[in-house]
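Enquirer: Under my numbering, the first residue of the sequence shown is numbered 313, with each subsequent residue one higher.
Think of the CB as a built atom: it goes at the ideal place given N, C-alpha and C, for glycine as much as any other residue.
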Amino acid sequence: MGTMIQRHSLEEEDYRGQEFQDHNTSVKGNNDLLSLTKPQIILNIHKAYLEAGADIVETNTFSGTKVAQADYNLEHICYRLNLESAQLARHAADEVSESSGRQRYVAGAMGPTNRTLSISPSVERPDYRNISWDILVEAYTEQARGLLDGGVDILLVETIFDTLNAKAAVFAIQTLFETEYNPIPLFVSGTIVDKSGRTLSGQVVEAFVISLSHAQPLCIGLNCALGATEMRPFIENISQTTTAAIICYPNAGLPNTFGEYEETPESTAIHIRQLAKDGLVNVVGGCCGTTPDHIRAIAEAVSTIKPRSPPSAVHPDALLLSGLEPMRITAVTNFVNIGERCNVSGSKKFSRLIVNGQYEEALAIAKTQVSL
């Protein structure tokens, strides 16, 4: 979506439209707002991707929470923003479904927000967070409600850099399904920061998948950050960790020094076709830098390939846990001791050492825990 919006070279007045011409904050760059101020542009972009061969389009709601919209002082429009964005995508999907004779679907995009529950924004205060669980759940609840009322077929929690944020989104969604709405499929997609294969909050992809397995997503996988070639080893790891279907929508290669994506549709399609041929994926597409031409090439490249057959079970006899790394406890695993002394909540001494900056003494406690 963002790639195609950039081609319109929109200015501040375009983003504002008539309704927000007197708004007290600059809104240029707030792409979600265009669903209200330039709906025809967003509708045409949806249709361009669908006509190129996409089976699923995302709503223009990546930053559609009041947490993210607070940067523009637009928290008050978030329900409407998600509702009307979903209705736009629904209209495009239904129109192309009718004209093509093939059903198309709408995924309600729920981005990670610009806050993180797991990481402090201050190196001097590692305990500090600039967002709370309750505030994030409330924001995701409002977003999901707007998307559901707008008629989406899927809820997509995407570009996850902090699994705890994703858990807040999942909690909000599941609560709505239990109390107000009939359940619809859930897709979950993480993003890794580089070739280390870790999210920004430090998890490897196997741990990420285990952390969200309780949500029983229909699809789980990765998007953004990397091209298909660079993403491949991590998709392979996920395929060995889940019984869910796997989604993979990488960027169009890696950006150049100007932040531009130069990988051609043909190159992207070749890389994604190989993932499909090797039985690693069920749903494929593109993220940053992806144009309708990329989608057309991808759709043609995988059209005759059978999707991955998910395994019936993964480590069926193991207790699957995760922190930054996965932990699998089986019948032959040795005694597992859960140490609580390296915890600022569970140990007053450890907390005091951290607060006072006595890191060597704190490390000594950690070493004692390991050696016991």
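Can the beta-carbon of I294 be found less than 9 Å from the beta-carbon of V418?
Expert: Here the chain has residues from 313 to 684 only, and residue 294 is not among them.
Enquirer: Per DSSP, what kind of secondary structure is Y440 in: helix, strand or coil?
Expert: Y440 falls in the coil class under three-state DSSP.
Enquirer: If you compare alpha carbons, which of N594, G598 and N372 is closest to P351?
Expert: N372
Enquirer: Quick one: Cα of T503 to Cα of P622, how far?
Expert: 21 Å
Enquirer: Measuring CB to CB, does P562 end up less than 9 Å from L530?
Expert: Their beta carbons are not under 9 Å apart, which means P562 does not touch L530 by this criterion.
Enquirer: What does DSSP give as the partner residues of E311 in its beta bridges?
Expert: Since the first residue of the chain shown is 313 and the last is 684, residue 311 is not available in this structure.
Enquirer: In angstroms with no decimal places, state the Cα-to-Cα distance between N549 and I532.
Expert: 12 Å
Enquirer: Hey, how far is the Cα of T629 from the Cα of L592?
Expert: A small fix is needed here, since residue 629 is Asp in this sequence, not Thr. Cα-Cα distance, rounded: 23 Å.
Enquirer: Can you look up Y361 in the DSSP assignment and give me helix, strand or coil?
Expert: helix
Enquirer: In this structure, does DSSP put S412 in helix, strand or coil?
Expert: helix
Enquirer: Go ahead and pull the three-state DSSP assignment for S525.
Expert: In this structure, S525 counts as helix in the three-state DSSP scheme.
Enquirer: Beta-carbon within less than 8 Å of I447's beta-carbon, same chain only, minus the 5 sequence neighbours each way: which residues are those?
Expert: Cβ neighbours of I447 within its own chain (closer than 8 Å, five residues either side excluded): V379.
Enquirer: Between L476 and S430, how many whole angstroms is the CB-CB distance? I'm expecting something under 8 Å.
Expert: Taking 8 Å as the upper bound for CB-CB distance, L476 and S430 are in contact here, some 5 Å apart.
Enquirer: The alpha helix (DSSP H) with S551 in it runs from where to where?
Expert: A540 to S551
Enquirer: How should L468 be labelled, buried or exposed, when 16 other C-beta atoms within 10 angstroms of its C-beta is the threshold for buried?
Expert: buried
Enquirer: So which of L631, I389 and T315 has the shortest CA-CA distance to T349?
Expert: I389
Enquirer: What does a CB cutoff of less than 8 Å around L587 pick up in its chain, not counting 5 residues either side in sequence?
Expert: A540, R544, I547, C560, V593 and V596
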